[in-house]
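**Student:**
In the working numbering, the protein residues as written are 6 to 731.
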């Protein structure tokens with residue numbers, strides 16, 4: 006490693022470290038009788054304390070165990086649970102491509118949508134394959150987004166600067182769901198029927214339209230083709246917003262893995278094709294607005310809100326979705342008990358910075374930029390940290406050869422001085438000083454000693470807890486070994502989905518001389534440094550490895566992966582398991598709350614007669630007006646309510662007035678009246694009164710109507726066409 010002139014300044018300071026005040030856990034000297042030579046200058050994690058953090062850690066242990074099992078058979082680079090977001094994005098692209106391909110067969114018309122898809126099922130294997138791929142890739146996309154959200158939540162990676170990724174991710178989750186919701190509308194089967202009715206109930210609660218949307222779904226003939234086209238174009242265009250959302254979601258991440266590699270992509274496509282061939286996607290029964298379906302299968306990934314829209318009113322629906330959305334979006338704030346301290350944000354010492362740009366390149370979260378020099382020194386740029394983006398991982402510290410960038414809570418120069426003082430103490434006592442730098446993710450609650458919280462107990466080691474092993478610089482290792490450390494153990498978190506992303510990767514490359522700043526084997530023996538991946542569920546393995554390292558044993562090679570065939574079998578089992586979950590929730594039974602009894606619906610959109618069209622203004626009213634506006638007579642725009650009366654078999658079952666709509670009460674009166682009836686033929690008489698004379702029934706309809714179970718008879722009134730029975 007090439008050191009800058011600035012970096013050598015610390016060597017002259019090491020002789021004074023014995024006089025430095027001791028900090029917290031770092032008690033000097035430590036003797037052989039000490040059960041654990043442990044020291045930590047940093048809190049266990051730079052993340053803020055959360056409500057329920059202990060429970061989340063325990064639940065996350067299950068995820069870590071799953072990673073361990075997968076890695077026994079499949080290389081970590083192909084572990085699907087370590088790249089869930091990229092797999093979800095790949096599934097989304099597959100859904101977009103197959104959706105576009107479906108336009109070759111699909112007819113976006115309320116009259117022909119269902120029949121066009123049925124024709125595909127019966128006569129085109131390619132079209133059916135595209136449809137099935139479209140269905141299952143969409144389901145897989147939402148399934149994986151939920152898994153990704155769960156993993157991020159359990160890993161507690163949503164606070165501080167990560168709040169923006171959480172908020173945009175939650176918004177995209179809602180958008181992906183809504184795209185799927187509109188997609189099922191376009192099939193126009195019984196599922197689409199309930200989607201339409203649920204959407205109408207939701208929208209009609211707000212006074213957005215003059216006529217309630219629900220009137221458009223009373224009969225098959227009343228469904229507007231224009232509205233169907235609106236849903237179609239929304240389904241086609243909304244995916245464009247996903248691209249914007251992904252950019253916002255990943256804008257704070259450096260080197261984000263947007264899509265899967267070729268091998269994983271082939272597995273995804275192959276799995277979806279097999280699932281589509283074995284279990285092709287089909288439609289439910291065709292939509293009939295006057296038939297009350299009792300039971301059918303639905304895709305619970307997207308259609309779970311039917312369980313609410315079929316049972317709750319518009320107000321409760323708005324309350325539920327607004328509350329759940331608000332709770333989800335504000336998780337990064339209401340779950341936090343204690344905010345992170347500023348000491349956990351990286352700061353730059355300009356006197357040491359010579360603008361090498363390595364910190365900006367290595368930062369996983371785009372928190373560091375190179376800005377024009379401000380101190381007049383002969384370097385073109387300087388490092389600049391954005392505290393709003395810094396998560397306190399410390400990877401920039403490990404990338405800085407001159408130790409110009411540090412976390413104030415864990416200053417590498419101060420720690421180096423303390424470490425050198427401890428090494429000197431141990432050498433004077435005739436001990437062999439061994440040091441361990443342990444990632445804070447490995448020291449979670451599962452690692453605490455029986456004495457309580459603290460750093461990971463490694464007997465006969467001086468342990469330093471660091472936010473990420475990427476914090477450990479090559480110069481720190483070289484100087485510790487030159488000072489007399491017998492060995493240095495570096496413990497990184499698991500290989501699944503690291504909290505600090507690339508820290509362990511960068512450290513290994515620096516140690517191997519593949520990334521700047523490189524470890525210089527001419528200055529220290531690299532065999533006295535041992536790196537290992539251990540998550541907090543592997544305590545016994547880590548303790549054994551630490552003892553073997555101290556005993557001088559050769560490092561164990563990573564457990565060899567299974568043979569190629571076993572890897573393929575394991576990958577197939579994993580693909581089958583994920584595919585089974587995807588399919589299981591895409592074809593689950595759903596029972597509606599509908600009563601099987603017949604129902605009689607009467608609906609009209611009709612204007613009552615105008616009330617008293619003109620009236621004489623009083624003197625008091627005239628005095629309140631401007632002189633040029635004092636007309637003696639004013640025109641009244643108010644209309645009378647329309648009254649509805651219904652008799653069934655000679656008995657009156659309804660008598661109700663419907664007020665005119667509009668701010669001035671001059672709009673039409675709109676009614677949707679639902680009446681339960683018994684099966685069989687009934688003599689029905691319907692009367693409307695639209696004049697100021699309440700006893701004058703101006704519109705009448707009488708007929709014997711046959712009512713059947715699970716069937717709705719709808720009587721519509723139009724001012725021009727009169728009454729129409731469906």
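Each residue gets a CB set at the ideal place from its N, CA and C atoms; glycine is no exception.
Once DSSP output is grouped into helix, strand and coil, what is the label at residue 725?
**Tutor:** coil
**Student:** Could you tell me whether the Cβ atoms of residue 96 and residue 180 are closer together than 8 angstroms?
**Tutor:** no
**Student:** Within a Cβ cutoff of 8 angstroms, which residues of the same chain sit near residue 205, ignoring the five residues on either side of it in sequence?
**Tutor:** 217, 218, 219, 221 and 222
**Student:** Within this structure, are the beta carbons of residue 380 and residue 355 separated by less than 8 angstroms?
**Tutor:** yes
**Student:** Pick helix, strand or coil for residue 685, following the three-state DSSP scheme.
**Tutor:** strand
**Student:** In this structure, what does DSSP give as the bridge partners for residue 375?
**Tutor:** Answer by DSSP bridge pairing, in chain order: 388.
**Student:** Helix, strand or coil, according to DSSP, for residue 31 in the structure here?
**Tutor:** Legend: pLDDT at residue 31 = 33, less than 50; position of this residue unreliable, value from coordinates given subsequently. In this structure, residue 31 counts as coil in the three-state DSSP scheme.
**Student:** Since I believe residue 418 is in contact with residue 408 (beta carbons under 8 angstroms), could you give me their beta-carbon distance rounded to a whole number of angstroms?
**Tutor:** The beta-carbon separation of residue 408 and residue 418, rounded to 5 angstroms, stays under the 8 angstroms limit for a contact.
**Student:** Rounded to a whole number of angstroms, what is the C-alpha to C-alpha distance between residue 466 and residue 175?
**Tutor:** 44 angstroms
**Student:** How long is the line joining the alpha carbons of residue 214 and residue 264, rounded to whole angstroms?
**Tutor:** 42 angstroms
**Student:** Less than 8 angstroms between the C-beta atoms of residue 523 and residue 483, yes or no?
**Tutor:** no
**Student:** Within the 8 angstroms Cβ cut-off, does residue 271 reach chain C?
**Tutor:** The question asks about chain C, but that chain is absent: this structure has only one protein chain.
**Student:** DSSP state of residue 79, grouped into three classes?
**Tutor:** Of the three classes helix, strand and coil, the one that applies to residue 79 here is coil, per DSSP.
**Student:** If you draw a straight line from the alpha carbon of residue 320 to that of residue 543, how long is it in whole angstroms?
**Tutor:** 51 angstroms
**Student:** Give the DSSP bridge partners of residue 493, in chain order.
**Tutor:** In DSSP, residue 493 forms a bridge with 440 and 534.
**Student:** Skipping 5 residues on each side, what residues in its chain have a beta carbon closer than 6 angstroms to that of residue 99?
**Tutor:** 142
**Student:** Check whether the Cβ atoms of residue 657 and residue 648 sit closer than 8 angstroms, and answer yes or no.
**Tutor:** Cβ atoms of residue 657 and residue 648: not closer than 8 angstroms.
**Student:** Using DSSP with H/G/I as helix, E/B as strand and the rest coil, what is residue 680?
**Tutor:** Secondary structure at residue 680: strand, using DSSP grouped into helix, strand and coil.
**Student:** To the nearest angstrom, how far is the alpha carbon of residue 727 from that of residue 146?
**Tutor:** 49 angstroms
**Student:** In its own chain, which residues sit with a C-beta less than 8 angstroms from the C-beta of residue 287, not counting the 5 before and 5 after it?
**Tutor:** 126
**Student:** Take residue 75 and list the residues in its own chain whose beta-carbon comes closer than 6 angstroms to its own, dropping the five residues that flank it on each side.
**Tutor:** 84
**Student:** Looking only at DSSP bridge pairs, what is residue 748 linked to?
**Tutor:** Missing from the structure shown is residue 748; the chain here goes from 6 to 731 and no further.
**Student:** Report the option in 382, 167, 122 and 413 whose CA atom is closest to the CA atom of residue 5.
**Tutor:** Any property of residue 5 remains undetermined from this structure, which presents the chain solely from 6 to 731.
**Student:** Give the DSSP-derived three-state secondary structure of residue 510 in the structure shown.
**Tutor:** helix
**Student:** Check for me: the alpha helix (DSSP H) holding residue 429 runs from which residue to which?
**Tutor:** 417–433
**Student:** Leaving out five residues on either side along the sequence, give the residues of the same chain with a beta carbon under 6 angstroms from the beta carbon of residue 188.
**Tutor:** Once the five neighbours on either side are set aside, the close Cβ partners of residue 188 are 240.
**Student:** Just verifying my parser: in three-state terms, what is the DSSP assignment at residue 126?
**Tutor:** helix
**Student:** Which of the three DSSP states, helix, strand or coil, is assigned to residue 707?
**Tutor:** In the displayed model, residue 707 falls within a strand according to three-state DSSP.
**Student:** Check whether the region 710–728 touches the region 600–612, counting contact only when three or more Cβ pairs, one atom from each stretch, lie closer than 8 angstroms.
**Tutor:** yes
**Student:** Compute the Euclidean distance between the alpha carbons of residue 346 and residue 580, then round it to the nearest angstrom.
**Tutor:** 43 angstroms
**Student:** So, are the CB atoms of residue 509 and residue 475 less than 8 angstroms apart?
**Tutor:** Between residue 509 and residue 475, the C-beta gap is smaller than 8 angstroms, which places the two residues in contact.
**Student:** What three-state label does DSSP hand residue 366 in the structure shown?
**Tutor:** helix
**Student:** Out of 511, 716, 303 and 680, state which residue places its alpha-carbon closest to the alpha-carbon of residue 369.
**Tutor:** Among 511, 716, 303 and 680, the Cα nearest to that of residue 369 is on 511.
**Student:** I'd like the ranges of any beta strand (DSSP E) spanning at least 3 consecutive residues and lying wholly in the region 257–326.
**Tutor:** 300–303
**Student:** Is residue 186 closer than 8 angstroms to residue 197 when the C-beta atoms are compared?
**Tutor:** no
**Student:** Say whether the region 585–600 touches the region 293–303, bearing in mind that this needs 3 or more beta-carbon pairs closer than 8 angstroms, one atom from each stretch.
**Tutor:** yes
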